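Participant:
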Amino acid sequence: MYRKLDKLVISLFLILTWSLTVNAASLPDGFPKCYNSDVRQSDYCPLSAKLGHKIFLVDFTSRWEGPQIKWVKGRIFGEALIADTPPYHKISYLKIDDLPPHSQEFAYSKCRFKKGTESQKYPGEKVNKKCEGIDGVKDIYKKWNKQILEVESDFFPKNGVAKQSLIYEYIIHTLRETSSDFGSDYKERELVIVSDLMQFSKRVNFFKHCKSAGMKLKPKKKQVADKCGTFTQLLKKEKSFANYMKATKPTVEMVKNLKVKVLFINHSYEHGEDLYVTLEKLWIGLFSFMGIDNVEIIPQIDYKL
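According to our numbering, the sequence shown is numbered sequentially starting from 8.
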């Protein structure tokens, strides 16, 4: 009788221990156990860990139309943002416009607060009943979500065209400057670039590099970008840009555990319909030169078919 009880107690102990171990293993190291003691109230970020950081780098140097705004909103705000971002991962929004990168500031930069509900995708979503109350967690989540909605409502500016588009410079600035808080000390990093990828500046102009021989035979007023040369060809043709790339190339540490996603905006009024094919290849070569191989490019569907 006693032996059976002993075996039962031992079995229950092992089951409980295994369950706790599984639950603990499902959360990353440093994940806040209690929001009121392990989370900064100012930005909802963990006090003792850097779990993840996602930066949305959005290019407003060309004219935006309704379909672009709707497509981008549905991917970088709302339910899509919440569903694709784990609790306590940092979310930041940075605009590319007429300002140089070092003069630009984040439109928003705080951590995603948890919802307080059960989630198979994110175990850390639920309330820790030992030190958290469901009402308190849900109230803070509502406050955080309201802030995101306010950012969304003011994020998309009135239409305008900038004098230059420093896409490469903004990427480098994000990777190398400590003010971005985007270092490899984060366990996960994702840079989401929303752009038509048409870099143009004094150093390099993709509107010139991305013209076929046939296009260059047309009168200048009728010439548009229609086909890009390779990244290797660009470096050979633009020696100043080649030297600039070598001088500003990010270090291995800067691109460590970095994922890049490009939401490729279709500004067809500026270039040929099929430019995106060679323009994607050009940027893949550029990213590879920078040491970034984890790249996903998602083109916007043409809305003027």
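Using N, Cα and C, we set each Cβ at its ideal position, and we do this for glycine too.
If you're wondering where the values come from, they're calculated on a predicted model, not measured in any experiment.
Going by DSSP, name the residue or residues bridged to R196.
Facilitator: DSSP output for R196 lists H60 and L265 as bridge partner(s).
Participant: Using C-beta distances below 6 Å, list every residue in its chain close to A32, excluding the 5 sequence neighbours before and after it, in chain order.
Facilitator: Bear in mind that a pLDDT of 46 at A32, under 50, signals an unreliable position, so the model cannot answer this.
Participant: Contact between the region 188 to 196 and the region 155 to 166 is defined here as three or more beta-carbon pairs at a separation below 8 Å; is this criterion met?
Facilitator: Output reads no: the region 155 to 166 does not touch the region 188 to 196.
Participant: Going by the CB atoms, is the gap between Q307 and P74 shorter than 9 Å?
Facilitator: Yes, the Cβ-Cβ distance between P74 and Q307 is below 9 Å.
Participant: Excluding the five sequence neighbours on either side, which residues of its own chain have a C-beta within less than 6 Å of the C-beta of E197, listed in chain order?
Facilitator: The answer, listed in chain order, is K61 and K266.
Participant: Can you tell me which of D91, Q111, S110 and S99 puts its alpha carbon nearest to the alpha carbon of S126?
Facilitator: With distances taken between Cα atoms, S126 lies closest to D91.
Participant: Would you say the region 207 to 227 touches the region 244 to 251, given that touching needs at least three Cβ pairs under 8 Å?
Facilitator: Contact between the region 207 to 227 and the region 244 to 251 is present, because at least three Cβ pairs lie under 8 Å.
Participant: Does the structure place the region 223 to 236 close enough to the region 83 to 101 that three or more beta carbon pairs sit under 8 Å?
Facilitator: With the cut-off at 8 Å, the region 83 to 101 and the region 223 to 236 do not touch.
Participant: I need the DSSP call for K102, collapsed to helix, strand or coil.
Facilitator: The answer is strand: DSSP assigns K102 an E or B state.
Participant: Near Y129, which residues of its chain fall below 7 Å by C-beta distance, leaving aside the five closest residues on each side in sequence?
Facilitator: Counting only Cβ-Cβ distances below 7 Å, and skipping sequence neighbours, we find P93 and P94.
Participant: Does the separation of the CB atoms of Y148 and K122 fall below 9 Å?
Facilitator: Cβ atoms of Y148 and K122: closer than 9 Å.
Participant: Could you name the residues that DSSP lists as bridge partners for S208?
Facilitator: Per DSSP, none; premise fails for S208.
Participant: Can we say the region 166 to 176 touches the region 36 to 45, given the rule of at least three CB pairs closer than 8 Å?
Facilitator: As far as the Cβ criterion goes, the region 166 to 176 does not touch the region 36 to 45, which means the pair count is below three.
Participant: Relative to the C-alpha of N264, which candidate in V199, N135, Q48 and N301 has its C-alpha closest?
Facilitator: Minimum Cα distance to N264 is reached at N301.
Participant: Expressed to the nearest angstrom, what Euclidean distance is found between the alpha-carbon atoms of S247 and E176?
Facilitator: So the two alpha carbons sit approximately 15 Å from each other.
Participant: DSSP three-state label for K128, please.
Facilitator: Reduced to three states, the DSSP call for K128 is coil.
Participant: Going straight from the alpha carbon of K136 to that of F120, what length do you get?
Facilitator: In a straight line, the C-alpha of K136 is about 17 Å away from that of F120.
Participant: Report buried or exposed for A232, applying the criterion of at least 16 other Cβ atoms within 10 angstroms of its Cβ.
Facilitator: Buried, since its Cβ has 16 or more Cβ neighbours within 10 Å.
Participant: Looking at the structure shown, is S202 part of a helix, part of a strand, or coil, going by DSSP?
Facilitator: Here S202 sits in strand by DSSP.
Participant: What residues in its chain sit with their C-beta under 6 Å from that of K102, if we drop five residues either side in the sequence?
Facilitator: Once the five neighbours on either side are set aside, the close Cβ partners of K102 are V65 and F67.
Participant: Just to confirm, are V313 and I305 a CB contact at a threshold of 9 Å?
Facilitator: Because the chain in this structure spans residues 8 to 312, residue 313 falls outside the shown range and cannot be described.
Participant: Just list the residues that DSSP pairs E86 with in beta bridges.
Facilitator: Note: E86 sits in no beta bridge, so no partner.
Participant: Could you check which residue in R70, E195 and H216 has the C-alpha nearest to that of K244?
Facilitator: Nearest of R70, E195 and H216 to K244, Cα basis: H216.
Participant: What does a CB cutoff of less than 6 Å around C138 pick up in its chain, not counting 5 residues either side in sequence?
Facilitator: Same-chain partners within the cutoff: C41.
Participant: How is F271 classed by DSSP in three states: helix, strand or coil?
Facilitator: Looking at F271 - three-state DSSP - the assignment turns out to be strand.
Participant: Going by C-alpha to C-alpha distance, which of R47, V168 and H180 sits closest to S110?
Facilitator: Comparing Cα-Cα distances from S110 to each of R47, V168 and H180, the minimum goes to H180.
Participant: Expressed to the nearest angstrom, what Euclidean distance is found between the alpha-carbon atoms of M297 and M261?
Facilitator: Cα-Cα distance, rounded: 10 Å.
Participant: From this set, T255, L241, D281 and I141, which residue's C-alpha is nearest L289's C-alpha?
Facilitator: Among T255, L241, D281 and I141, the Cα nearest to that of L289 is on L241.
Participant: Which one of I76, H96, K133 and G81 has the shortest CA to CA distance from L58?
Facilitator: Comparing Cα-Cα distances from L58 to each of I76, H96, K133 and G81, the minimum goes to H96.
Participant: Quick check on DSSP: helix, strand or coil for Y115?
Facilitator: In this structure, Y115 counts as strand in the three-state DSSP scheme.
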